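In order, the protein sequence lines correspond to chains A and B.
In terms of numbering that gives the first Met the number 0, the first sequence has 409 at position 410, counting the first letter as 1, and numbering is strictly consecutive.
In terms of numbering that gives the first Met the number 0, the second sequence has 20 at position 21, counting the first letter as 1, and numbering is strictly consecutive.
Notes to accompany the following structure.
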Amino acid sequence: MSDATSAGPRRVGGPAAARTSLLVADARTKRRNAAEARFRAYGVIAIAVAMLALFFLMFTILRDGSGAFWQTYVKIPVAIDAAVVDPKGNRDPSEMDDVLTMSYAGVLQDALARWTADNGVEIEGLKDSDYAGVFSNQARAQLRNMVLQNPELVDQTVEVPVLAASTIDGMFKGRVTEASAAIDKRTSVAQFQLANAMEEKGALATRFNWDFVTQPDASDNRAEAAGLGVAIIGSAYMMLIVLVLSLPIGVATSIYLEEFAPKNKLTDLIEVNISNLAAVPSIVFGILGLAAFINFMGLPRSAPIVGGLVLTLMTLPTIIISTRAALRAVPPSIRDAALGVGASKMQTVFHHVLPLAMPGILTGTIIGLAQALGETAPLLLIGMVAFVTEYPAAPPEGLFEPASALPVQVYNWTQRADSAFFERASGAIIVLLAFLFAMNLVAIILRRRFERRW
Amino acid sequence: MSPFWIMVTILVLAALGYVLGRRRAGSVAAGDIRGLHSRPTYYGWNVALFTALPSLLVLLMWVLAQPLVVDRAIGANIPESAVADAGARGRIMSEVQGTAISIGEAVNKGLLTEAEARSLTPDNTALLDRLADEDITLTPNPAVLEAAKDYRSINQNASRTLTGLSLLLALGGFGWAMARTRPDYRARNVVERFIRGFLILCSLIAIATTVGIVLSLVFESYNFFQLYPWQDFFFGTEWTPSFGGGSRLGMLPLLWGTLYISLIALLFSVPVGLFAAIYMSEYATPRVRGVVKPLIEILAGIPTIVYGLFALVTVGPLIRDWIAQPAGLGNSGSSVMTAGLVMGIMLIPFVSSLSDDIINAVPQSLRDGSLGLGSTPSETIRNVVLPAALPGIVGAVLLAASRAIGETMIVVLGAGAMAQTSLNPFEAMTTITVKIVGQLTGDNDFASPETLVAFALGLTLFVMTLALNVAALVIVRKYREQYE
């Protein structure tokens with residue numbers, strides 16, 4: 000553009016640079032405009048890449064995980080044979096307790112064989128093991144508990160839904176096909192056909208699976224029974240500890256640094272420490288937890304108390320940084336007014352500044368908690384990977400009992416052999432993300448409703 | 000009384016102290032509180048604090064110190080003949096504690112009287128049989144039984160002394176503070192001094208955390224280097240730990256994997272994040288910005304375990320099936336490329352929000368000057384804004400690098416566990432953080448170098464990230480001062 004008005008000798012020139020109309024762009028202008036368009040395109044591409052990654056991530060998690068909320072159940076008439084479950088014939092639960100869970104597998108297997116015959120299903124090459132393999136290993140225990148609680152059921156025929164095996168469940172979710180059933184040792188083509196026949200006749204049905212959110216974890220060969228109950232409780236306990244410890248400590252630290260601290264070496268040291276702790280890798284906090292809380296102080300492994308303490312230390316910098324910003328946003332005129340009518344410094348801060356900064360502090364705290372909820376690496380080191388199937392007791396004792404945590408449960412399930420656990424892991428992530436979403440929503444609402452601009 | 004109930008008692012006393020202190024302030028002012036130095040609540044708080052704080056402090060220190068002192072006293076009393084080797088002493092100590100607890104249970108159930116418990120010997124078979132009937136079996140080892148009785152009586156005495164001492168302190172503090180409640184007593188100043196002390200104490204936790212991290216890393220790393228030469232650790236090129244002994248614990252393959260993955264992550268995230276930030280701060284309309292910025296921040300809020308699973312289940316197989324296998328470069332789902340790409344996605348919001356701040360901090364006058372001279376917006380950005388923002392952007396990249404080096408879950412699930420040094424990004428390699436998790440998960444034996452090496456790795460990681468963070472902070476701070 001400067002070319003059009005310059006009187007001096009041209010530095011850049013060429014045939015096209017000869018004087019033409021201002022309305023027609025010369026080659027150099029075209030080049031510069033093209034460069035401009037390209038530069039803009041890079042920005043758009045960058046944003047598109049980020050958005051694409053986000054949507055692809057969310058899409059795959061939802062696609063893989065939604066199956067975990069649906070579970071296949073077998074519902075056929077089961078004749079409970081007294082000769083098997085109550086050999087002494089007294090209907091005494093304490094005697095029936097001696098019958099092992101394994102025996103009930105036969106009851107289920109016979110029931111399915113009879114069902115197949117009754118319904119006229121004919122499949123070539125169907126073996127006894129194929130019948131047994133339809134049921135989850137959990138199903139026998141389910142049946143046994145039911146009979147022990149209610150001994151009148153013996154010698155009767157009951158029709159209750161029991162869990163199907165994860166391989167059968169996989170057929171409904173497209174994880175297992177006829178081809179893959181032929182290869183897998185645990186399944187066979189005949190069994191696959193049996194399952195299809197059962198579905199046609201309504202003996203196999205899929206329904207919403209609340210147990211996934213409430214039941215404890217299950218062992219390696221019972222993917223269909225594994226749930227998140229213990230993990231959710233463990234995470235809730237840890238969040239409780241983090242909230243109770245980090246909010247007062249974080250607010251106290253921020254008030255001191257923002258309102259009282261003199262400028263000296265000590266406060267400088269504290270400031271440098273806080274900004275560094277915010278950037279220390281999370282796994283280092285796990286090492287600290289292992290060395291300080293478990294080895295030195297002798298707290299129990301796998302317990303929410305240790306996890307809560309470690310996460311508290313990790314969350315503190317986040318809370319301190321946002322609390323200080325909230326305190327700084329309260330205008331000095333408030334402080335001046337309070338001091339002017341004779342309040343002490345302490346009264347000014349606690350009666351006037353702190354209440355005004357509270358929405359900002361709470362927003363920061365919730366965001367800090369959300370970060371802590373998703374943290375995995377430090378918890379691996381303090382033994383939260385342990386296989387826990389017992390619900391911990393209510394606090395305070397429960398804080399010292401073994402528990403799992405939501406993100407660690409995800410990791411745990413990715414390490415299992417059965418591919419059905421991958422679906423569970425993705426499902427657990429959906430639960431985790433739902434919690435995070437809810438927390439962030441609360442934070443946003445708090446900010447919108449109570450934040451004051453001065 | 001157990002420490003918990005002592006604490007409850009003290010707190011109840013303190014609450015009582017608050018009420019009584021307040022009332023006393025009212026009565027010494029003879030109904031006219033204008034005669035008091037402070038408002039009556041402060042007198043109440045004053046009494047409560049003097050009641051609770053000293054006794055709770057003593058309680059806390061006592062509870063922490065008691066097991067150490069008692070263990071040492073009992074340990075000294077166990078004859079050397081009963082101890083076979085160094086490890087046996089620890090086992091005997093836990094046997095002593097277990098026996099003492101069993102005796103305590105028996106007394107609680109009324110199976111033993113206190114006098115019988117004190118005169119218990121292994122010869123007294125009648126008594127031991129009676130206990131065994133109730134499922135309480137005591138050790139037949141006379142030395143352990145003797146020590147257990149000592150242990151029990153010491154603990155009983157200690158508990159009695161503690162109860163007396165802390166309650167006495169609480170009552171003393173209560174009486175003293177009540178006696179000082181007079182109209183001219185400056186209760187507010189005293190209470191505020193307590194609060195200030197609490198504030199300072201809380202601030203020191205940040206320092207305590209750092210000290211704790213450094214101490215735990217250095218202490219256990221020192222133990223490790225006693226067992227394994229440091230030259231072999233820092234310069235060894237082979238990582239083959241075996242808990243049976245004869246492990247080779249060279250750090251270099253892990254360091255290589257860490258740096259390679261971080262490099263790929265940065266090569267992906269820095270251009271994307273930087274261009275996204277430039278577009279949003281220089282080109283985007285407020286509406287676009289209002290939609291895109293929160294969406295990018297969602298990426299920052301997703302936990303790393305989610306990225307890890309994404310790498311393991313989706314990205315890994317995708318890269319293997321579409322790129323690595325057709326090109327004949329590898330057959331592994333977990334690879335440097337997988338982990339690097341996914342980590343790159345994780346770092347996009349980090350780079351973009353930091354760069355956004357920095358680009359926005361460049362004064363508008365610089366842009367106006369450049370645009371006024373006729374440059375296009377992109378020329379302004381490239382020749383004016385970015386050079387001005389360069390130190391800050393370098394700082395942001397350093398911070399992102401420190402994040403990448405310390406990231407754990409993505410590499411645990413996405414990079415594999417093979418410690419090898421290769422240039423092929425489609426092969427599985429491993430990182431420092433993966434090996435820390437690997438060596439410290441499960442049961443640990445803190446006497447073996449295979450466990451302790453994790454602390455040396457942690458120290459290396461801590462020093463690396465600390466150096467990057469400090470460098471970044473220094474650069475960013477220096478740059479900020481330039482325009483303020």
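The beta carbon of each residue, even a glycine, is placed where N, CA and C say it ideally should be.
Keep in mind the model is a prediction, meaning the values are calculated, not measured.
{"Query": "Chain-ordered residues of the stretch 225-247 of chain A with a beta carbon less than 8 Å from chain B", "Result": "Pro247"}
{"Query": "Unbroken stretches of the beta strand (DSSP E), 3 residues or longer, contained in the stretch 16-49 of chain B", "Result": "none"}
{"Query": "Residue-chain proximity (B/Gly211, chain A), Cβ-Cβ < 8 Å", "Result": "yes"}
{"Query": "CB contact check: A/Met50 to chain B, cutoff 8 Å", "Result": "yes"}
{"Query": "Collapsed DSSP secondary structure at B/Trp238 in the structure displayed", "Result": "strand"}
{"Query": "Listed by chain order, chain A residues near B/Glu191 by CB distance under 7 Å", "Result": "Ser343 and Met345"}
{"Query": "Partners in chain B for A/Glu35, counting only beta-carbon separations shorter than 7 Å", "Result": "Thr375, Pro376 and Ser377"}
{"Query": "Short Cβ contact (8 Å threshold) for A/Gly249 with A/Ile319", "Result": "yes"}
{"Query": "Any C-beta of chain A under 8 Å from that of B/Asn382", "Result": "no"}
{"Query": "Contact with chain A by B/Thr284, beta-carbon distance below 8 Å", "Result": "no"}
{"Query": "Where A/Leu162 falls: helix, strand or coil (DSSP)", "Result": "strand"}
{"Query": "Segment contact, 8 Å Cβ cut-off, at least three pairs: the stretch 354-369 of chain A with the stretch 228-248 of chain A", "Result": "yes"}
{"Query": "Partners in chain A for B/Ser152, counting only beta-carbon separations shorter than 8 Å", "Result": "Going along chain A, no residue has its Cβ under 8 Å from B/Ser152, so there is no contact; the nearest lies around 23 Å."}
{"Query": "Interface flag, A/Asp129 vs chain B, CB-CB below 8 Å", "Result": "no"}
{"Query": "Within chain B, the residues that A/Asp63 reaches when beta carbons sit closer than 9 Å", "Result": "Leu308, Val312 and Thr313"}
{"Query": "Residue from B/Val411, B/Gly405 and B/Pro362 whose Cα sits closest to the Cα of B/Ser334", "Result": "B/Val411"}
{"Query": "Supposed close pair A/Gly105, A/Val83 - CB separation, criterion 8 Å", "Result": "6 Å"}
{"Query": "Proximal residues to B/Val27 (C-beta, below 7 Å), its chain only, five neighbours per side dropped", "Result": "Thr180, Arg181 and Pro182"}
{"Query": "Assigned exposure category for B/Met60 - 16 Cβ within 10 Å defines buried", "Result": "exposed"}
{"Query": "Near-chain A residues of the stretch 211-227 of chain B (beta-carbon distance less than 7 Å), N- to C-terminal order", "Result": "Gly211, Ile212, Ser215, Leu216 and Glu219"}
{"Query": "A/Leu51 beta carbon less than 8 Å from that of A/Val133", "Result": "no"}
{"Query": "Proximal residues to A/Phe399 (C-beta, below 6 Å), its chain only, five neighbours per side dropped", "Result": "Pro299, Ala302 and Ile304"}
{"Query": "Straight-line gap, A/Thr413 to A/Ser403 (C-alpha atoms, nearest Å)", "Result": "15 Å"}
{"Query": "Cβ contact (3+ pairs, closer than 8 Å) linking the stretch 370-390 of chain B and the stretch 309-329 of chain B", "Result": "no"}
{"Query": "Contacts around B/Thr50, its chain only, beta-carbon distance under 6 Å, and the 5 residues preceding and following it disregarded", "Result": "Leu12, Ala13, Gly16, Ala169, Gly172 and Phe173"}
{"Query": "Member of B/Thr120, B/Val287 and B/Arg185 whose CA lies at the smallest distance from the CA of B/Gly34", "Result": "B/Arg185"}
{"Query": "Within-8 Å CB hit, A/Gly42 to chain B", "Result": "yes"}
{"Query": "Below-8 Å beta-carbon distance, A/Asn411 vs any chain B residue", "Result": "no"}
{"Query": "Residues that DSSP places opposite A/Phe134 in a beta bridge", "Result": "A/Ala163"}
{"Query": "Exposure label - B/Gly30; buried when at least 16 CB within 10 Å", "Result": "exposed"}
{"Query": "Boundaries of the alpha helix (DSSP H) in which A/Ala204 is found, first to last residue", "Result": "Careful: A/Ala204 lies outside any alpha helix (DSSP H), inside the beta strand (DSSP E) at Leu203 to Phe207."}
{"Query": "Any chain A beta carbon closer than 8 Å to B/Tyr278", "Result": "yes"}
{"Query": "8 Å Cβ cut-off: residues of chain B touching A/Arg31", "Result": "Thr375 and Glu378"}
{"Query": "Outcome for A/Met101 when other beta-carbon atoms lying within 10 angstroms are tallied against a minimum of 16", "Result": "exposed"}
{"Query": "Top-ranked residue by Cα proximity to B/Ala276, from B/Ile301, B/Leu353, B/Ile212 and B/Glu94", "Result": "B/Leu353"}
{"Query": "The stretch 107-116 of chain A touching the stretch 174-186 of chain A, judged by at least three CB pairs closer than 8 Å", "Result": "no"}
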